[in-house]
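Numbering (our numbering), first residue to last: 620 to 963. We put the beta carbon where it would ideally sit given N, CA and C, even for glycine. Notes for the one structure printed next.
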């Protein structure tokens with residue numbers, strides 16, 4: 620084992636016992652993650668480090684440090700003014716269909732440039748936004764210039780960061796073999812352009828504040844962290860969805876209540892096909908066709924959040940109304956057709 624990784628593990632797990640274990644500082648985390656990306660350690664040693672971080676829970680300092688190291692290796696697309704970047708997870712959704720693509724298309728039809736950061740699902744995971752993009756639009760690009768052109772031409776683009784980074788792909792492979800959600804999946808959600816307006820999903824629990832603090836440390840001043848259904852960006856249509864907003868140097872709680880906008884439904888969008896990917900595709904197309912139901916209503920809420928985050932409208936209610944009009948007028952569905960035509 621390299622001396623650097625040995626020192627990191629001794630800090631995380633304790634040199635002699637767990638009693639003297641501690642978290643890493645931001646700078647220690649950045650150096651350690653840079654070493655991992657450069658190929659330090661064997662697969663078993665890297666897996667041990669992931670397990671140690673998972674056992675203790677990552678801090679905002681550790682997340683910011685690791686994400687900063689990973690971002691240095693990526694050439695990000697330039698985001699247009701008022702553009703919003705959607706982050707996603709490789710774990711996907713297992714019980715309900717992911718609807719972020721429909722939300723992004725609708726927000727784009729309203730006039731918000733949208734970059735979707737996504738990837739295929741991890742081994743044994745649910746359906747991801749990246750899976751649906753590949754099925755409905757085409758292959759995900761990791762090429763910055765091609766992504767910028769698509770964003771400029773259509774107003775929405777899919778982007779797979781670090782797709783050609785051998786060090787990053789190695790860590791994702793180790794995480795898949797480990798079979799546990801660990802550091803790579805968390806950091807993947809933070810592979811975002813510096814200073815961009817971002818919308819990031821979060822699991823339930825105290826990690827909401829940790830994620831917001833990490834984004835703040837990374838320099839984001841306009842952001843929403845959302846605890847959507849199954850840790851996604853899809854707001855619930857049966858209950859209040861919690862989140863946190865960054866606005867300048869301040870943080871505010873986010874509460875998305877479907878009852879407030881007459882968008883509540885008795886159940887969440889369901890899997891209407893035995894194949895989860897086909898079920899997700901069907902739900903996405905139903906929402907884009909403005910078929911009233913839980914899928915469309917979740918898209919109105921999710922897309923409304925994106926429009927509000929862009930600054931084009933003053934509040935969620937106005938954003939949701941604009942998104943609903945984009946769906947009912949067919950503009951959101953036409954945006955999908957434009958994407959397909961542009962990609963060829």
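1) For residue 877, does the count of other Cβ atoms within 10 angstroms reach 16, so buried, or fall short, so exposed?
2) By the three-class DSSP mapping on this structure, what secondary structure does residue 787 have?
3) Is the beta carbon of residue 901 closer than 7 Å to that of residue 891?
4) Could you spell out the range, first to last residue, of the alpha helix (DSSP H) harbouring residue 640?
5) Just the C-alpha distance for residue 843 and residue 703, rounded to the nearest angstrom, thanks.
6) Taking buried to mean at least 16 other C-beta atoms within 10 Å of its own C-beta, is residue 860 buried or exposed?
7) Is it right to say residue 788 is buried, meaning 16 or more other beta carbons lie within 10 angstroms of its own, or is it exposed?
8) Quick check: the stretch 675-688 against the stretch 823-841, are there 3 or more CB pairs under 8 Å?
9) In the DSSP assignment, the alpha helix (DSSP H) including residue 771 goes from what residue to what residue?
10) Give me the Cα-Cα distance between residue 688 and residue 643, rounded to the nearest whole angstrom.
11) Could you check whether the stretch 935-946 touches the stretch 715-731, counting it as contact only if at least three pairs of C-beta atoms, one from each stretch, sit closer than 8 Å?
12) Is it a yes or a no for the stretch 813-826 touching the stretch 920-932, going by three-plus beta-carbon pairs under 8 Å?
13) Tell me whether residue 714 is buried or exposed, calling it buried when 16 or more other Cβ atoms sit within 10 Å of its Cβ.
14) Identify which residue in 742, 793, 935 has its Cα closest to the Cα of residue 656.
15) Nearest-angstrom Cα distance between residue 903 and residue 879?
16) Pop quiz: residue 800 and residue 668 are said to be a contact at Cβ under 8 Å. What is the actual Cβ separation, rounded to whole angstroms?
17) Could you check whether residue 717 and residue 748 sit closer than 7 Å to each other, using their CB atoms as the reference points?
18) Just to confirm the assignment: which complete alpha helix (DSSP H) runs, minimum length 4, are found wholly within the stretch 659-731?
From the atom records:
1) Taking the first residue of the chain shown as 1, we reach residue 877 at position 258. Answer is buried; the Cβ neighbour count reaches 16.
2) Taking the chain shown and counting its residues from 1, the one referred to as residue 787 is at position 168. Correct three-state label for residue 787: helix.
3) Your numbering for residue 891 matches position 272 in the chain shown. Your numbering for residue 901 matches position 282 in the chain shown. Cβ atoms of residue 891 and residue 901: closer than 7 Å.
4) The residue you call residue 640 lines up with position 21 of the chain shown. Element bounds for residue 640: n/a, residue is neither H nor E.
5) Within the chain shown, numbered from 1, the residue matching residue 843 stands at position 224. Within the chain shown, numbered from 1, the residue matching residue 703 stands at position 84. Their Cα atoms are separated by approximately 10 Å.
6) The sequence position of residue 860 within the chain shown is 241, counting from 1. Looking at its Cβ environment, which holds 16 or more other Cβ atoms inside 10 Å, residue 860 is buried.
7) The sequence position of residue 788 within the chain shown is 169, counting from 1. So residue 788 counts as exposed.
8) yes
9) Your numbering for residue 771 matches position 152 in the chain shown. Run containing residue 771: 763-773, per the alpha helix (DSSP H) assignment.
10) Your numbering for residue 688 matches position 69 in the chain shown. Your numbering for residue 643 matches position 24 in the chain shown. Approximately 14 Å, taken between the alpha carbons.
11) yes
12) yes
13) Along the chain shown, read from residue 1 onward, the residue named residue 714 stands at position 95. Residue 714 comes out exposed.
14) Working through the chain shown from its first residue, we reach residue 656 at position 37. The residue with the shortest Cα to Cα distance from residue 656 is 793.
15) Residue 903 sits at position 284 when you count from the first residue of the chain shown. Residue 879 sits at position 260 when you count from the first residue of the chain shown. So the two alpha carbons sit approximately 24 Å from each other.
16) Along the chain shown, one-based indexing puts residue 800 at 181. Along the chain shown, one-based indexing puts residue 668 at 49. Wrong, their Cβ atoms sit about 15 Å apart, outside the cutoff.
17) For this step, residue 748 is matched to residue 129 along the chain shown. For this step, residue 717 is matched to residue 98 along the chain shown. Yes, the Cβ-Cβ distance between residue 748 and residue 717 is below 7 Å.
18) 662-675, 679-690, 719-729
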